[in-house]
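Engineer:
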Amino acid sequence: MSTSTRTRILEVAAALVRESPDGDISTRAVCEAAKVGAPALYRHFGDKEGLLSAVVDHGFERYLAAKRERGETTDVVEDLRQGWDSHVAFALDNRNLYRLMNSPAMRTPPAAALESHRILTGDLQRAAAQGRIRVAPELAAQMIMSANVGVALMLVSRPATFDDIEVSHRVRDALYATVLTPEASPRTPPDAEVPTAAARLSALLRQQRGAGLSTAEAALMKEWLDRVANARSDG
């Protein structure tokens, strides 16, 4: 009975978010539509933010399931391009949910946002191991995610100004040209050789669990390599 009540509240709240003009809902409206009292809602979700966080995770589950089950190809750069495009496509198909996920009112990031970031970082770690990125995977993930979310939010929230999906493709390609190397080749531009090598070695050490180093030594080595990988050439 408890699981059934929680599921009913969640599905009703998701429907109200989807149908709302601005994506906002009241707990009172949810309780009325789900035919439950406020104590039941708070018992299952804690507060309104907990309910909205659960709604986001519920809505993003199908999207994340597809990303989890997606097979890795040998072309990690193409995987990253498709990841960007699928992120934007999901935002456009689920506008209220996407705005809610990235709302400043959500003090605690929903689990869906954290998992999406983790999947992106995993792809970038593969790229680093192949010598395909110029900075450490963690910094690259922050750069890509902030740009990806920014573009998606503009397309979702400002359709009159941002009315062409091509802007997403242009931002994607410009950023990837900055973060990624053109090809896995020793013919890397001279100013990128050391940072790229440092990012690759850091990723390989992580894959091999320190390669004989102690936990403390591996952590220190990773810190040094990431610092080198992230150093700006104009610094």
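With the working numbering, the residue at position 180 of the sequence shown is 182, and numbering never jumps.
Even for Gly, the Cβ is constructed at its ideal location relative to N, Cα and C.
Can you tell me whether DSSP reads leucine 215 as helix, strand or coil?
Structural biologist: For the purposes of this step, residue 215 is taken as the residue at position 213 of the sequence shown. In the structure shown, leucine 215 sits in coil (DSSP, three-state: anything other than H, G, I, E or B).
Engineer: Kindly indicate the opening and closing residues of the alpha helix (DSSP H) around serine 159.
Structural biologist: Position 157 of the sequence shown, counted from the start, is the residue given in the question as residue 159. Element bounds for serine 159: 139-159.
Engineer: Given this structure, state the Cα-to-Cα distance separating arginine 20 from valine 14, to the nearest angstrom.
Structural biologist: As a working mapping, residue 20 is identified with position 18 in the sequence shown. As a working mapping, residue 14 is identified with position 12 in the sequence shown. One C-alpha to the other measures close to 10 Å.
Engineer: Quick check: the stretch 167-180 against the stretch 110-127, are there 3 or more CB pairs under 8 Å?
Structural biologist: The stretch 167-180 vs the stretch 110-127: no contact.
Engineer: What is the DSSP secondary structure of isoleucine 135, reduced to helix, strand or coil?
Structural biologist: Residue 135 sits at position 133 when you count from the first residue of the sequence shown. Three-state DSSP puts isoleucine 135 in a strand.
Engineer: Spell out the partners DSSP gives leucine 182 in its beta bridges.
Structural biologist: If you number the sequence shown from 1, residue 182 lands on position 180. Answer is Ile135.
Engineer: Which complete alpha helix (DSSP H) runs does the stretch 43-127 hold, if anything under 4 residues is left out?
Structural biologist: DSSP runs (the alpha helix (DSSP H)) wholly in the stretch 43-127: 50-71, 78-95 and 97-103.
Engineer: Does DSSP put isoleucine 11 in a helix, a strand or coil?
Structural biologist: Indexing the sequence shown from 1 puts residue 11 at position 9. The answer is helix: DSSP assigns isoleucine 11 an H, G or I state.
Engineer: Can you have a look at glycine 237 and say buried or exposed, based on whether 16 or more other CB atoms are within 10 angstroms of its CB?
Structural biologist: Counting from 1 along the sequence shown, the entry for residue 237 is found at position 235. Bear in mind that a pLDDT of 41 at glycine 237, under 50, signals an unreliable position, so the number given afterwards is only what the model happens to contain. Classification of glycine 237: exposed, given that the 10 Å Cβ count is below 16.
Engineer: Over what stretch of residues does the alpha helix (DSSP H) that includes valine 32 continue unbroken?
Structural biologist: As a working note, residue 32 is residue 30 in the sequence shown. It spans 29-36 - the alpha helix (DSSP H) in which valine 32 sits, taken as one unbroken run.
Engineer: Rounded to a whole number of angstroms, what is the C-alpha to C-alpha distance between lysine 224 and serine 204?
Structural biologist: As a working note, residue 224 is residue 222 in the sequence shown. As a working note, residue 204 is residue 202 in the sequence shown. Whole-angstrom Cα-Cα distance: 6 Å.
Engineer: For alanine 200, I'd like the list of residues in its chain whose CB is within less than 7 Å of its CB, leaving aside the five on either flank, ordered along the chain.
Structural biologist: Translated into the one-based positions of the sequence shown, residue 200 becomes position 198. So the list reads Leu227, Val230 and Ala231, once near-sequence residues are dropped.
Engineer: So, with DSSP's three-state summary, where would you put serine 22?
Structural biologist: Working through the sequence shown from its first residue, we reach residue 22 at position 20. Serine 22 falls in the coil class under three-state DSSP.
Engineer: Report the rounded CA-to-CA distance for threonine 217 versus tyrosine 44, giving the unit in angstroms.
Structural biologist: On the sequence shown, position 215 is the one that residue 217 refers to. On the sequence shown, position 42 is the one that residue 44 refers to. The alpha-carbon atoms of threonine 217 and tyrosine 44 are separated by roughly 43 Å.
Engineer: In whole angstroms, give me the CA-to-CA distance for alanine 154 and threonine 7.
Structural biologist: Against the sequence shown, residue 154 aligns to sequence position 152. Against the sequence shown, residue 7 aligns to sequence position 5. Between alanine 154 and threonine 7, the C-alpha separation is close to 34 Å.
Engineer: I'd like to know whether the C-beta atoms of valine 57 and alanine 16 end up nearer to each other than 7 Å.
Structural biologist: Working through the sequence shown from its first residue, we reach residue 57 at position 55. Working through the sequence shown from its first residue, we reach residue 16 at position 14. It is a contact, given that the beta carbons lie within the stated cut-off.
Engineer: Give the single residue among Leu222, Arg134, Ala221 and Ala162 whose Cα lies nearest to the Cα of proline 184.
Structural biologist: Numbered from 1 along the sequence shown, position 182 holds the residue referred to as residue 184. Among Leu222, Arg134, Ala221 and Ala162, the Cα nearest to that of proline 184 belongs to Arg134.
Engineer: Could you check how far apart the C-beta atoms of methionine 103 and alanine 115 are, in whole angstroms? I think they sit under 8 Å.
Structural biologist: Here residue 103 corresponds to residue number 101 of the sequence shown, with the count starting at 1. Here residue 115 corresponds to residue number 113 of the sequence shown, with the count starting at 1. Sure, about 6 Å apart at Cβ, within 8 Å.
Engineer: Can you tell me whether aspartate 165 is helix, strand or coil according to DSSP?
Structural biologist: Residue 165 sits at position 163 when you count from the first residue of the sequence shown. Looking at aspartate 165 - three-state DSSP - the assignment turns out to be coil, as it is neither helix nor strand.
Engineer: Where does alanine 233 fall in DSSP's three states?
Structural biologist: Here residue 233 refers to the residue found at position 231 of the sequence shown. Of the three classes helix, strand and coil, the one that applies to alanine 233 here is coil, per DSSP.
Engineer: Let me know if serine 118 comes out buried or exposed under the rule of 16 or more other beta-carbons within 10 Å of its beta-carbon.
Structural biologist: The residue you call residue 118 lines up with position 116 of the sequence shown. It counts as buried.
Engineer: What's the gap between the Cα of valine 38 and the Cα of glycine 48?
Structural biologist: Numbered from its first residue, the sequence shown carries residue 38 at position 36. Numbered from its first residue, the sequence shown carries residue 48 at position 46. Roughly 15 Å separates the two Cα atoms.
Engineer: Identify which residue in Ala143, Leu12, Val196 and Pro139 has its Cα closest to the Cα of glutamine 61.
Structural biologist: Counting from one through the sequence shown, the residue named residue 61 turns up at place 59. Here residue 61 is glycine; the residue named in the question, glutamine, does not match the sequence. When each option's Cα is compared against that of glycine 61, the closest is Leu12.
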